[in-house]
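Peer 1:
Number of protein chains: 4
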Amino acid sequence: MGYHDATTRVIAERAGVAEGSIYRHFPDKRALFVAAAVEGQRGLTEWMADLPARAGGRPVADVLTEVFVELSRLRETVVPLELAMAATPELQRHLEGAALDETVRGLGGPPQLLADYLRAERERGRVRADLDPTRTAVVLLATLFGVQTSPLAGPGGLDEAGIRELVSVFVDGIAPRPAPPAPAG
Amino acid sequence: MGYHDATTRVIAERAGVAEGSIYRHFPDKRALFVAAAVEGQRGLTEWMADLPARAGGRPVADVLTEVFVELSRLRETVVPLELAMAATPELQRHLEGAALDETVRGLGGPPQLLADYLRAERERGRVRADLDPTRTAVVLLATLFGVQTSPLAGPGGLDEAGIRELVSVFVDGIAPRPAPPAPAG
Amino acid sequence: MGYHDATTRVIAERAGVAEGSIYRHFPDKRALFVAAAVEGQRGLTEWMADLPARAGGRPVADVLTEVFVELSRLRETVVPLELAMAATPELQRHLEGAALDETVRGLGGPPQLLADYLRAERERGRVRADLDPTRTAVVLLATLFGVQTSPLAGPGGLDEAGIRELVSVFVDGIAPRPAPPAPAG
Amino acid sequence: MGYHDATTRVIAERAGVAEGSIYRHFPDKRALFVAAAVEGQRGLTEWMADLPARAGGRPVADVLTEVFVELSRLRETVVPLELAMAATPELQRHLEGAALDETVRGLGGPPQLLADYLRAERERGRVRADLDPTRTAVVLLATLFGVQTSPLAGPGGLDEAGIRELVSVFVDGIAPRPAPPAPAG
DNA sequence: TATGAATGAGGCTTCATTCAT
DNA sequence: AATGAATGAAGCCTCATTCAT
């Protein structure tokens, strides 16, 4: 449901408060919406907080798959908000000014955490050295967003198998791999 | 700009016609919007029509980069429409019933053309044999969509350098490549 | 169907002409509507033209029944127009200025013809001498109109049996009749 | 004034409220209109509630005259609504579903009350035994409606004298009465 | 002269916001 | 502080009328 479909009446109803009461907590509807989006991000961010610490453990593909599965689950509630933000430039402008929770700001949000993880793995030689972790993180998250958003992927986004394939593309690329050198024996 | 921000007044104004004239050509606003989206797709699709025939030519990464650069350019007009479609389920339902131009339907649209290209390259051994071309095409296009849409990538989406890096990730993956076998010599 | 439901588009469609062509024959929609009402009256009036000449023939109740049955039949097309006129004061004002066909004007329309008939019967002693024929005619026609119009009578107005009962009330009244004097024998 | 002339703007203006406020009390314009008609009926019905109890008292013609004079007065506000209902089939369908005030429903509305009165008078021998009270009541009310509605009666409907004559026609009929039998002397 | 696309005023309705209670 | 009725701007759409062809 987008920004315009979430009328103040519906919001108030679901929140179990009167319509007028909204304006005691938020100056206007936009602020309420931005706050909801930020709040959604907070949940995601907290879940991902330990991601950088997991570098060097399980294979990168496994970690990314797990992260993406969780993201896609959590995002079921967040994506509509983000879509609304994306589709409503008016909201984006106000997002910048939004008072980000200090905890969240410190963590930097999902993109920062994913970038930190990728950087840590790169240092361990498990990620290509020529990739910029930040930009790569953005591409990964944008893909997840695109896949769950675009009509192309069908309604409901990707299931776990789909996410696994997606991660496979990211990790190994679409180009065929040369045969690994025969282990020295 | 989303579906709701594109008021009939604004649309009529930009088209240089009276508001009432819209309804001589479209039964309602929804139909107008869907038609605009379909028309946008038509331009994209025509540009991509010869894509499958290019398989086996220049390196896959180069072709994809070129395609994505063009897509991102053309999509400057299409993305807002697609975003609106994505953010407005009401529109998606009606898109299915929309009278797709026969030319476009025959070509199958960008996802189909890209899938055909990938399949052709796979047959030539230039794309991993274990990937499903259709799903891979969807992931590629969804990524492009996500990158140009998500607030993460900043306003304006990716420039050509960004697209080049994005394609690099897709083609070669983020995992480090083993050293290619030393050419015989 | 009323004045507002008869849109110029519908009228033009049914008439098999283009919408714009209406305005070559009538200055505006109002004039078109008044003309249609007048035309409807013309048919009724012509059918009733010989009514006054029938005075003295068959019993008054029979004549009135026959007239009302025919009126109710013809009025199936006229009543909607009259209703529209009644419900739209704007139209009534313009009806007065309408160019009544000379023939119709000469005859005076249904009320005048019915009044003439009643007057002729009154002279023959077959209608109460203390009733004003014109006002009585108006009451009779208004009743027919009311019965065919008011929701009370149910959809479709009265059938022939209903009209017969209605006429019976009018002719003999609702008060019980004293026994007629025994014919001299 | 008809249904279409009573625009929401005009209604709101006359009611001294904002246009949008209408929709806090009624789901749409139709409902508002039907409610107004029902409310109008309520006033009429309450006024007529004691009618059946008056049978056997003053002469039938006097009672009917009194009733019709009052009806015509009250109906000055109701007739436009009823006309609108009659001219707008869409409204009639919704009238059936309208929540009639229980009081009104119990009384059955003006037609039922008038029919009850006529039946009571018939039992007293003051109304013809061969007339169906319900149908007669409908004819009487339809006539009043027709007279106040039809352009024939001129603007403003009937005055008291006109109503007296109308009732006279109904009570005694238009046929001449035979001389009452000479009282025994 | 006939057509029908274009026009724009105005209709009904929604909705974010205000305000008296 | 909370409520929810009231507000009025604005949205989509219809329709009588005009005008270029």
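Chains as they are written, first to last, in this note's numbering: chain F, 1 to 185; chain H, 1001 to 1185; chain D, 2001 to 2185; chain U, 3001 to 3185. Idealized CB from N, CA, C, for every residue including glycine.
Roughly how many angstroms lie between the CA atoms of residue 1015(H) and residue 1002(H), to the nearest whole one?
Peer 2: 17 Å
Peer 1: Quick one: does residue 2160(D) have its CB under 8 Å from some CB of chain U?
Peer 2: no
Peer 1: Can you check which of these residues, 3070(U), 3060(U) and 3065(U), is closest to residue 3128(U) by C-alpha distance?
Peer 2: 3060(U)
Peer 1: When you check each C-beta in the stretch 123-145 of chain F against every C-beta of chain H, which residues fall closer than 9 Å?
Peer 2: 125, 126, 127, 128, 129, 130, 131, 132, 135, 136, 137, 138, 139, 140, 141, 142, 143, 144 and 145
Peer 1: Just to confirm, is the Cβ distance from residue 3170(U) to residue 2169(D) under 8 Å?
Peer 2: yes
Peer 1: Rounded to the nearest angstrom, what separates residue 109(F) and residue 173(F) at their Cα positions?
Peer 2: 26 Å
Peer 1: Relative to the alpha-carbon of residue 118(F), which residue among 159(F), 72(F) and 63(F) has its alpha-carbon at the smallest distance?
Peer 2: 63(F)
Peer 1: Can you check whether the CB of residue 3071(U) is closer than 8 Å to the CB of residue 3113(U)?
Peer 2: no
Peer 1: Does the Cβ of residue 2146(D) have 16 or more other Cβ atoms within 10 Å, making it buried, or fewer, making it exposed?
Peer 2: buried
Peer 1: When burial is assigned at 16 or more other CB atoms within 10 Å of the CB, is residue 3121(U) buried or exposed?
Peer 2: buried
Peer 1: Give the secondary structure of residue 2059(D) by DSSP, where H, G and I count as helix, E and B as strand, and everything else as coil.
Peer 2: Here residue 2059(D) sits in coil by DSSP.
Peer 1: To the nearest whole angstrom, what separates the beta carbons of residue 3030(U) and residue 3019(U), a pair I think is in contact under 8 Å?
Peer 2: Between residue 3019(U) and residue 3030(U) the Cβ distance is about 16 Å, and since that is not below 8 Å, they are no contact.
Peer 1: Would you say residue 170(F) lies against chain H (beta-carbon separation less than 8 Å)?
Peer 2: yes
Peer 1: Going by C-alpha to C-alpha distance, which of 2162(D), 2164(D), 2136(D) and 2067(D) sits closest to residue 2048(D)?
Peer 2: 2067(D)
Peer 1: If you follow the alpha helix (DSSP H) that residue 3030(U) is part of, which residue opens it and which one closes it?
Peer 2: 3029-3048
Peer 1: Step through the CB atoms of chain H and report whether any lies within less than 8 Å of the CB of residue 60(F).
Peer 2: yes
Peer 1: Determine, using beta carbons only, whether residue 3055(U) and residue 3124(U) come nearer to each other than 8 Å.
Peer 2: yes
Peer 1: Using the C-alpha atoms, what's the distance from residue 3176(U) back to residue 2178(D)?
Peer 2: 12 Å
Peer 1: Check the Cβ-Cβ distances between residue 2163(D) and every residue of chain U, and say whether any is below 8 Å.
Peer 2: no
Peer 1: For a quick check, are the C-beta atoms of residue 2166(D) and residue 3139(U) less than 8 Å apart?
Peer 2: yes
Peer 1: Within 10 angstroms of its Cβ, does residue 53(F) collect 16 or more other Cβ (buried), or is it exposed?
Peer 2: exposed
Peer 1: Using a Cβ-Cβ cutoff of 9 Å, what residues of the stretch 2014-2026 of chain D are near chain U? List them in chain order.
Peer 2: none
Peer 1: Would you verify that the beta carbon of residue 2149(D) is, or is not, closer than 8 Å to some beta carbon of chain U?
Peer 2: Closer than 8 Å: yes.
Peer 1: When the Cα atoms are used, what is the spatial distance from residue 3057(U) to residue 2126(D)?
Peer 2: 32 Å
Peer 1: Assuming residue 2036(D) and residue 2022(D) make a contact with CB atoms under 8 Å, what is their CB distance in whole Å?
Peer 2: 12 Å between Cβ atoms; not a contact.
Peer 1: At least one CB of chain F closer than 8 Å to the CB of residue 1178(H): is that the case?
Peer 2: yes
Peer 1: For the alpha helix (DSSP H) containing residue 3172(U), name the first residue and the last one.
Peer 2: 3160-3172
Peer 1: Grab me the residues of residue 69(F)'s own chain with a C-beta within less than 8 Å of its C-beta, minus the 5 sequence neighbours each way, in chain order.
Peer 2: 160 and 163
Peer 1: What residue range is occupied by the uninterrupted alpha helix (DSSP H) comprising residue 3013(U)?
Peer 2: Looking at the DSSP string, the run of the alpha helix (DSSP H) that includes residue 3013(U) is 3008-3015.
Peer 1: Quick check on residue 138(F): does DSSP put it in helix, strand or coil?
Peer 2: helix
Peer 1: Cβ of residue 2173(D) less than 8 Å from any chain U Cβ?
Peer 2: yes
Peer 1: Tell me, please, whether the CB atom of residue 1113(H) is closer than 8 Å to any CB atom in chain F?
Peer 2: Residue 1113(H) does not count as touching chain F.
Peer 1: Go ahead and pull the three-state DSSP assignment for residue 2069(D).
Peer 2: helix
Peer 1: From 144(F), 148(F), 143(F) and 111(F), pick the residue whose C-alpha is nearest to that of residue 133(F); which is it?
Peer 2: 111(F)
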